[in-house]
Amino acid sequence: MFLSTLFLGLVLGGTYALLALGLSLQYGIARIMNLAYGEFMLLACFAVTMMFTSWGLGPLWGLLVVVPLGYALGWIIHSVMMRPLIKRSGGGGRLEVDTILATFGLLFVVQGLMLVTFGSDFTSYSYLDRGIGILGTTIAANRLIAFVVSLALGFGLYAVLIRTRWGRALRAVALAPGSAYLVGIDVNKLGRQGFALGGALAAAGGALVSMFQTFSATDGVVFTMKALIVVIMGGVGNILGALIAGLLLGLAETFVAAFIDPGLTMAATYTMFLAVLLWRPTGLFGKAGG
Amino acid sequence: MMYILSALGLAALAVLPMVFGDYGTGMLVGLAGYVTLATSWAMFSGPTRYISLATVAFFGVGAYTVAVLNEVLPYPLVLLAAAGIGATMALLVGLSTLRLAGIYFVIFTFGLAELVRQLITWFEVNVTGTLGRYIFLDLEAKHIYWQLLALGAATLALSAWIRRSRLGLALRVIGDDETVAAHSGINLARTKLVLFVASSTIITLVGAIQAPRWVYVEPSIVFNPTVSFLTVIMALLGGATRLWGPLCGAVPLFLLFEWLSARFPDHFSILLGLMFMAVVYALPDGVLAALERFRHRGKEGNGTSAPKPAKEANA
């Protein structure tokens, strides 16, 4: 019981970490708090489900389709919706408020579109839903695959951000947007790329979550909230922090659901969030860094 | 003179249920409710720019308190209890988030309604064993309207008073620049907390007063996120930093939303979202500010619109 809960928690946490990474990139690099993040994740869920049920295209192939689409959608939203707000704010503190409000509106638009298109029922599909034995317990193959892919994507991204020139430029924008263009970095372009990259990760997270969880068109808020909590816990812009915080959140949720009450998972999430806010508001791992 | 005019205006509003029929009075209840919600929301979020997305968390708690207590306590005490619970909740939320940067507050309030809804659902299912409660109170629509009218007037009066007091000045300084505010000796956390508690208590009361309109109450009914959404957009449309702004936004938008939700029930949330974005993009400071700017421009011939952004973050 304990061991299987531990595995379930880690597996769930891996996906949360991936989701949170995307939000962290959008907020850290593009300085945009995207409240519609969960909605974009759900779009990917629905897209992958449709591809699987109507074309028989497996979710891992679906992943290859939705990730570029997520990047493109993020790119478009940044250039069409966010650009005017960035221009208007002139780099001031107003941007945060404006983008929160704009994405709050976007949340309702996307949610409404999904409700009209897919209805409000819970959706799921069955893919590789058979157990695999690990250390004496069994775990569904689809969850395990989702976990491995999440971690691969997460660490891949980490490597890109740390090792490549592009990654270094992205981190520079996150660290000091005011000075980054003094060294020849196109802050606006990289902000857009950061936001689009976040969109791609949202899509990846959505595709992976849909493999093992039921979802409905109104779930976006909950996913955004979880991603936000992970970002705060890990520290804004801290990639490894987000990975660890995501795993922690997944563990906490699974253990509360297994040993206390499934109805209290959100309360557990919030309690963790509150504890972090009271104890270490800058995140569990200190100040925002790379 | 001001007072006489306000009293006359209030009296005129109070007799409206006699003029309109039952349907009209039902509309008046909704209208008075949203005017009060938007005004009290703007009381805190307007000057501080701390966007609270938790209106419905407090509103729902108020309504649910009435649903739980309406057969146990006399009505005035029920309202008092609702106000007390709302204030306590606001105090807890405020104490944990208002010391930090605004973004933490926004995030916390973003999920608060969902959290409270799930907690109440869990409690009802597991502890009391019932989901859904009935409210049997001998209150007609017009009684509810009068209560809301009184609360709305009190809210406006309180807002007006705060604007003139030291508290309001402190709040505006905080909204402009927190560092400057701290250096001029303003106790940031306490000022924000006082306002947040006041504003949330009023919101809780609106929920409590409106609750008898439902008769049957369950968490998914009273914690409807649309309420938070409408409150924010109404206050923003009118201008959240002005005394009369939220009212000017609430009246037209409420009527428009009534019409839209009857006409396009399936696409309501899409239309809402689009309208929300339109307000954020086209009228960032609200319609009153836009009108003022327009008048100014007409008078002086040249534009005195918002100062141009000093620089842009790219070349």
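As you go down the protein sequences, you meet chains A and B in turn.
Going by our numbering, the first residue of the first sequence is number 2, and it counts up by one from there.
Going by our numbering, the first residue of the second sequence is number 11, and it counts up by one from there.
For each residue, glycine too, the CB sits at the ideal point set by N, CA and C.
For a contact defined as C-beta to C-beta under 7 Å, what are the partners of residue i on chain B?
i: A103/A; result: M287 and V290
i: I240/A; result: Those within 7 Å of I240/A in chain B number zero; the least Cβ separation is about 19 Å.
i: V110/A; result: I280, G283 and L284
In whole angstroms, give me the CA-to-CA distance for residue i and residue j.
i: A45/A; j: A218/A; result: 11 Å
i: I33/A; j: P282/A; result: 19 Å
i: Y159/A; j: I240/A; result: 7 Å
i: V35/B; j: L282/B; result: Reading off the sequence shown, one finds Thr at residue 35/B, where the question assumed Val. Going by the C-alpha atoms only, they are around 24 Å apart.
i: K190/A; j: V110/A; result: 26 Å
i: K318/B; j: S90/A; result: Low per-residue confidence applies at K318/B: pLDDT is 43, beneath 50, and the placement is therefore not dependable enough to give any value.
i: L86/A; j: H79/A; result: 10 Å
i: A323/B; j: V98/A; result: Confidence is the limiting factor: at A323/B the pLDDT is only 40, short of 50, which leaves the residue's position unreliable and the question unanswerable from this model.
i: V242/B; j: A268/A; result: 25 Å
i: A92/B; j: Y44/B; result: 18 Å
i: L107/A; j: R84/A; result: 15 Å
i: L154/A; j: D187/A; result: 26 Å
i: N312/B; j: D220/A; result: Only weak support exists for where N312/B lies, its pLDDT of 49 falling under 50; the value from the coordinates is given anyway. Looking at the two C-alpha atoms, the distance is approximately 50 Å.
i: H153/B; j: F196/A; result: 51 Å
i: I184/B; j: G112/B; result: 11 Å
i: I219/B; j: Y85/B; result: 10 Å
i: D376/B; j: L108/B; result: In this structure chain B extends from 11 to 325, so residue 376/B is not present and cannot be described.
i: G206/A; j: L20/A; result: 5 Å
i: W254/B; j: L247/B; result: 11 Å
i: L11/A; j: S55/A; result: 31 Å
i: A246/A; j: A22/B; result: 58 Å
i: S194/B; j: A167/B; result: 28 Å
i: L263/B; j: D276/B; result: 18 Å
In chain B, what lies closer than 8 Å to residue i by C-beta?
i: L252/A; result: Going along chain B, no residue has its Cβ under 8 Å from L252/A, so there is no contact; the nearest lies around 20 Å.
i: E97/A; result: G112 and I113
i: Y271/A; result: G121 and L125
i: I233/A; result: Y114 and I117
i: P60/A; result: Near P60/A there are no residues of chain B at all, since even the closest Cβ is about 27 Å away, more than 8 Å.
Whose Cβ in chain A lies nearer than 8 Å to the Cβ of residue i?
i: H277/B; result: G113 and V117
i: E124/B; result: V222, V223, M226 and M267
i: F264/B; result: Result: empty, since nearest Cβ-Cβ is about 17 Å, beyond 8 Å.
i: F120/B; result: L36, V222, T225, M226 and L229
i: V76/B; result: None at all; the shortest Cβ gap to chain A is about 24 Å.
Check the Cβ of residue i against every Cβ in chain B and list those closer than 9 Å, keeping chain order.
i: M34/A; result: I113, V116 and I117
i: P85/A; result: Y291
i: I261/A; result: The contacting residues do not exist; I261/A stays about 11 Å from chain B at best.
Leaving aside the five residues before and after residue i along the sequence, list all residues of the same chain whose C-beta is less than 7 Å from its C-beta, in chain order.
i: T251/B; result: G56 and P57
i: T46/B; result: L158, L161, G162, T165, I212 and V216
i: K321/B; result: Summary for K321/B: the model assigns pLDDT 42, below 50, so the residue's position carries little reliability; its value from the coordinates is reported in the next sentence. Correct list: empty, nothing qualifies.
i: L96/A; result: R32, L86, I87 and S90
i: T140/B; result: E134
i: Y28/A; result: M34, V232 and V237
i: T266/A; result: E254, V257 and A258
Determine, using beta carbons only, whether residue i and residue j come nearer to each other than 8 Å.
i: G238/A; j: A177/A; result: no
i: V39/B; j: L158/B; result: yes
i: S125/A; j: T255/A; result: no
i: A243/A; j: L7/A; result: no
i: S210/B; j: F115/B; result: no
i: M99/B; j: V135/B; result: no
i: S106/B; j: L279/A; result: yes
i: L79/B; j: V88/B; result: yes
i: V76/B; j: S238/B; result: no
i: F278/B; j: L284/B; result: no
i: L36/A; j: T225/A; result: yes
i: L198/A; j: L24/A; result: no
i: A201/A; j: V68/A; result: yes
The ligand GDP and residue i: does any heavy atom of the ligand fall closer than 7 Å to the residue's C-beta?
i: A93/B; result: Because no ligand of any kind appears in the structure shown, any question about the ligand GDP cannot be addressed here.
Along chain A, in chain order, which residues have C-beta atoms closer than 9 Å to that of residue i?
i: T131/B; result: G264
i: T138/B; result: Under the 9 Å cutoff, chain A gives no residues; its nearest Cβ is about 14 Å from T138/B.
i: Q128/B; result: G264, L265, T266, M267 and A268
Using C-beta distances below 6 Å, list every residue in its chain close to residue i, excluding the 5 sequence neighbours before and after it, in chain order.
i: L293/B; result: A300
i: S50/B; result: T165, S209, I212 and I213
i: A151/B; result: T35, G36 and V39
i: G63/A; result: V49, M52 and A208
Chain A partners of residue i, CB-CB under 7 Å?
i: L61/B; result: With the sequence shown as reference, residue 61/B is identified as Ile, and Leu is not the correct amino acid for it. Ordered by position in chain A, the residues that pass the 7 Å Cβ test against I61/B are V98, I101 and L102.
i: T107/B; result: L278
i: F239/B; result: F109
Please work out which residues of its chain come closer than 8 Å, Cβ to Cβ, to residue i, disregarding the five sequence neighbours upstream and downstream, and give them in chain order.
i: L250/A; result: G14, Y17, K227, I230, V231, M234, T270 and M273
Worksheet item: Okay, do the stretch 24-44 of chain A and the stretch 203-211 of chain A touch, 3+ Cβ pairs below 8 Å being the bar?
Response: yes
Fill in: the stretch 119-139 of chain B contacting the stretch 191-210 of chain B, beta-carbon criterion three pairs below 8 Å
no
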